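Structure, as structure tokens:
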Amino acid sequence: AEPIPAYTAPTMKAMGMSSRLWLALIVIGIFFGAFGLWAAFAPLQSGAIAYGQVTVAGNRKTVQHLEGGIVKDILVREGDTVEASQLLLRFDGTQAETQIRLLGGRLAAAMATRDRLMAEQNEADEITFQYDSSQPMRERQSEYLDILLGQQEIFNARRSFLDSQSDLTQQRIAQLREEIKGLSAEVQAQERQLALIKEETDALEILLKKGFARKPRILELKRQAAVIAGEREKNLAAIARARQRIVEAELALGSTRTRFMNEVVMQLRETEEEIADLRDRIIAASDILERLQVRAPVSGRIVNSQVFTEGGVIAPGAPLMDIVPADELLIVEARIDPLDIDIVYPGLESEIRLSSYRTDEVQTIFGQVEDVSADSLIDPATGRSYYTARVVINEGVSLPDDKRIYPGMPVELVIVAGHRTVLSYLFEPLSRRLGRAMRES
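In this text, residue positions in the sequence shown follow the numbering used here: the first is 454, and each later residue adds one.
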């Protein structure tokens, strides 16, 4: 049998090493136990990280010009603060002013023509010009007077022509009436001659029956009566023709006047239409002239100015500058990763860090999610999809005196979605894999 070894008491060195080992194990156990308790019960904030930029609730107001043109005066620069309706810049108005001047001259001429035609229509002795103090010729008196004088001359000439036509016709009618009067007198004389010849012939025929007269004498008287009767018929025919010419002359005079009046009515209608058209065109040109002075639609600050050179040409409808409204609420437009959209919804608190400032300069500010887009959008530059969240910055944000929040500033956000434990974070990947594995099986 083998001998039983004798018991050897541990040395002091071995006992010291064993105590330290147990102490280390106890410390490690306490640490992991405390960490496990903390990981299991200590709440941590969970949320979505997003990036965006500061903007205003009403967005920037883009200033544009409908017609464009040549810049005459630039009255504001980038960063200037402006009030609503303040003049920002002027366009050159030479073309519009020339257009209004030309249209004004045509309008004045058309109005004077209308007054002349109305006087002709009413058969007035003179023109009553209706001076319109609102029309563009009010500051060009000499030109306006020339127009009036021109229409007065036309009125006088046309009136003289009509009067001369009437006078000639009346003179012709008077001549015809005198001719009729003379012919009528001849007819009466001829009728008296015929009566005397008949009386003499009757007496001779009685004497002829008694043998006291000669028949040739009776035949001679009858021959004279026939000649006079023929002349009388000619005169009666001439009287009829003269009367017919009088009727024709009167009809011609009436036709001339009727034709003249019809022409006046037609010209008056065309002139009224021209006046209405010219007024509309002057209003449009005046509107263009008024828009040559570009004014601020709202109070705010000038940003993104595109106008730098006086005399430069601006295309129609081109943006001139933007105005950031001064009294609009500041918000953050953030892009949310589609993987985080399930935990982001209106009402969540957000921690906002202004990327333009160092963290030691400006502290984190806070806001609240106001709205989340209903569908994802696509960034055309990267092709990546995202959701848009509007975060309203809380009122009363405290910043250093030399720091401000400007629209367009980039920001980083943490949208606080709730609280979770560290243990849930650690086991989340495992639980997801287990759930996926169970579905695959």
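All C-beta atoms in this analysis are idealised placements derived from N, C-alpha and C, irrespective of residue type, glycine included. Remember, it's a predicted structure, so these values are computed and weren't measured experimentally.
Open item on the list: Does residue 553 pass the burial test, meaning 16 or more other C-beta atoms within 10 Å, or should it be called exposed?
Closed with: Here the question's residue 553 lines up with position 100 in the sequence shown. Buried is the call here.
Task: Of the listed residues 705, 801, 870, nearest to residue 621 (C-alpha basis) - done: As a working note, residue 621 is residue 168 in the sequence shown. Residue 621 has its Cα closest to that of 705, out of 705, 801, 870.
TODO: Measure the CB-CB distance between residue 737 and residue 776 and report whether it falls below 8 Å.
DONE: What you label residue 737 is simply residue 284 of the sequence shown in a count that begins at 1. What you label residue 776 is simply residue 323 of the sequence shown in a count that begins at 1. It is not a contact, given that the beta carbons lie outside the stated cut-off.
- [ ] Decide if residue 503 is buried, meaning its Cβ has at least 16 other Cβ atoms within 10 Å, or exposed.
- [x] If you number the sequence shown from 1, residue 503 lands on position 50. Buried: at least 16 other Cβ atoms inside 10 Å.
Task: Rounded separation between residue 625 and residue 689 - CA only - done: As a position in the sequence shown, residue 625 is number 172, starting the count at 1. As a position in the sequence shown, residue 689 is number 236, starting the count at 1. So the alpha carbons of these two residues sit roughly 20 Å apart.
TODO: Give the DSSP bridge partners of residue 517, in chain order.
DONE: Residue mapping note: residue 517 aligns to position 64 of the sequence shown, counting from 1. DSSP output for residue 517 lists 772 as bridge partner(s).
Open item on the list: By the three-class DSSP mapping on this structure, what secondary structure does residue 783 have?
Closed with: Walking along the sequence shown from the start, residue 783 turns up at place 330. DSSP places residue 783 in strand when its eight states are reduced to three.
- [ ] Spell out a yes or no on whether the region 796-805 and the region 820-837 are touching, meaning 3 or more CB-CB pairs, one atom from each, closer than 8 Å.
- [x] yes
TODO: Starting from the Cα of residue 594, find the closest Cα among 483, 715, 557 and give me that residue.
DONE: By 1-based counting over the sequence shown, the position of residue 594 is 141. The residue with the shortest Cα to Cα distance from residue 594 is 557.
Task: Where residue 810 sits in the DSSP three-state scheme - done: Counting from 1 along the sequence shown, the entry for residue 810 is found at position 357. Looking at residue 810 - three-state DSSP - the assignment turns out to be coil, as it is neither helix nor strand.
TODO: Just tell me which of 501, 678, 867, 527 has its CA closest to the CA of residue 762.
DONE: The residue you call residue 762 lines up with position 309 of the sequence shown. Residue 762 has its Cα closest to that of 527, out of 501, 678, 867, 527.
Open item on the list: Relative to the C-alpha of residue 609, which candidate in 580, 623, 632 has its C-alpha closest?
Closed with: Sequence index remark: in the sequence shown, residue 609 carries index 156 (1-based). Closest option to residue 609, Cα to Cα, is 580.
Task: Exposure label - residue 599; buried when at least 16 CB within 10 Å - done: Against the sequence shown, residue 599 aligns to sequence position 146. Exposed: under 16 other Cβ atoms inside 10 Å.
TODO: Tell me whether residue 577 sits in a helix, a strand or coil according to DSSP, three-state version.
DONE: Residue numbering aside, residue 577 sits at position 124 when the sequence shown is read from its first letter. The answer is coil: DSSP assigns residue 577 none of H, G, I, E or B.
TODO: Classify residue 692 as buried or exposed, calling it buried when 16 or more other Cβ atoms lie within 10 Å of its own Cβ.
DONE: The residue given as residue 692 occupies position 239 in the sequence shown. Buried: at least 16 other Cβ atoms inside 10 Å.
Task: Nearest-angstrom Cβ-Cβ length linking residue 814 and residue 772, presumed shorter than 8 Å - done: For the purposes of this step, residue 814 is taken as the residue at position 361 of the sequence shown. For the purposes of this step, residue 772 is taken as the residue at position 319 of the sequence shown. In fact, because the Cβ distance is near 33 Å, the residues do not count as touching under 8 Å.
Task: DSSP-derived helix/strand/coil call for residue 665 - done: Against the sequence shown, residue 665 aligns to sequence position 212. Coil at residue 665, not helix or strand.
Task: Assigned secondary structure, residue 617 (DSSP; H/G/I helix, E/B strand, else coil) - done: Here residue 617 is taken as the residue at index 164 of the sequence shown, counted from 1. DSSP places residue 617 in the helix class (H, G or I) of the three-state scheme.
Task: Residue environment, residue 891, which counts as buried when at least 16 other CB atoms sit within 10 Å - done: As a working note, residue 891 is residue 438 in the sequence shown. The pLDDT assigned to residue 891 is 49, lower than 50, so where the model puts this residue is not dependable; a value taken from the coordinates is nonetheless given after this. When all chains shown are included, residue 891 counts as exposed.
TODO: Drop a sphere of 10 angstroms on the beta-carbon of residue 789, count the other beta-carbons inside from all chains shown, and report buried for 16 or more, exposed for fewer.
DONE: If you number the sequence shown from 1, residue 789 lands on position 336. Flag for residue 789 reads buried.
Task: Separation of residue 684 from residue 663, as counted between CA atoms - done: Counted from its first residue, the sequence shown places residue 663 at position 210. Counted from its first residue, the sequence shown places residue 684 at position 231. Those two C-alpha atoms are separated by around 34 Å.
- [ ] Spatial neighbours of residue 826 within its chain, please: CB distance less than 7 Å, with the 5 preceding and 5 following residues excluded, ordered by chain position.
- [x] Taking the sequence shown and counting its residues from 1, one reaches residue 826 at position 373. If we look at residue 826 and ignore the five residues flanking it on each side, its Cβ neighbours are 840, 841.
Task: 8 Å Cβ cutoff met for residue 830 and residue 844 - done: The residue given as residue 830 occupies position 377 in the sequence shown. The residue given as residue 844 occupies position 391 in the sequence shown. Against a cut-off of 8 Å, the Cβ pair of residue 844 and residue 830 comes out as no contact.
Open item on the list: Between the alpha carbons of residue 656 and residue 630, how many angstroms are there, rounded?
Closed with: Here residue 656 refers to the residue found at position 203 of the sequence shown. Here residue 630 refers to the residue found at position 177 of the sequence shown. If I take the Cα positions, the gap works out to 39 Å.
TODO: Determine the direct distance from the alpha carbon of residue 483 to that of residue 806, and round the result to whole angstroms.
DONE: As a first step, residue 806 must be located in the sequence shown, where it is residue number 353. As a first step, residue 483 must be located in the sequence shown, where it is residue number 30. Between residue 806 and residue 483, the C-alpha separation is close to 38 Å.
TODO: Answer yes or no: do residue 741 and residue 520 have a C-beta to C-beta separation smaller than 8 Å?
DONE: Locating residue 741 in the sequence shown gives position 288, where the first residue counts as 1. Locating residue 520 in the sequence shown gives position 67, where the first residue counts as 1. Yes; because the gap between Cβ atoms is below 8 Å, this pair is in contact.
Task: Whole-Å CB distance - residue 767 paired with residue 522, under 8 Å assumed - done: Translated into positions along the sequence shown, residue 767 becomes position 314. Translated into positions along the sequence shown, residue 522 becomes position 69. Yes, residue 767 and residue 522 are in contact; Cβ-Cβ is about 6 Å, under 8 Å.
Task: Nearest to residue 759 (by Cα), restricted to the options 518, 509, 500 - done: Residue numbering aside, residue 759 sits at position 306 when the sequence shown is read from its first letter. The residue with the shortest Cα to Cα distance from residue 759 is 518.
Open item on the list: For residue 640, which residues in the same chain have their Cβ closer than 8 Å to its Cβ, ignoring the five residues on either side in sequence?
Closed with: Along the sequence shown, one-based indexing puts residue 640 at 187. Only 685, 688, 689, 692 meet the Cβ criterion.
- [ ] Put residue 583 into one of helix, strand or coil per three-state DSSP.
- [x] Reading the sequence shown from its first residue, position 130 is the one you call residue 583. Here residue 583 sits in coil by DSSP.
Task: Cα-Cα separation, residue 809 to residue 506 - done: As a working mapping, residue 809 is identified with position 356 in the sequence shown. As a working mapping, residue 506 is identified with position 53 in the sequence shown. Residue 809 and residue 506: Cα-Cα distance of roughly 11 Å.
Task: Distance CB(residue 567)-CB(residue 728) smaller than 8 Å - done: Looking up residue 567 in the sequence shown gives position 114. Looking up residue 728 in the sequence shown gives position 275. Yes, Cβ-Cβ distance for residue 567 and residue 728 is below 8 Å.
- [ ] Kindly indicate which residue of 855, 648, 746, 530 has the alpha-carbon position closest to the one of residue 677.
- [x] Here residue 677 is taken as the residue at index 224 of the sequence shown, counted from 1. Nearest of 855, 648, 746, 530 to residue 677, Cα basis: 648.
Task: Status (buried if at least 16 other CB within 10 Å, exposed otherwise) for residue 643 - done: Stepping through the sequence shown from its first residue, residue 643 is reached at position 190. It counts as buried.
Task: Extent of the continuous beta strand (DSSP E) to which residue 530 belongs - done: Within the sequence shown, the letter at position 77 stands for residue 530. Looking at the DSSP string, residue 530 is not in any beta strand (DSSP E), and its letter there is neither H nor E.
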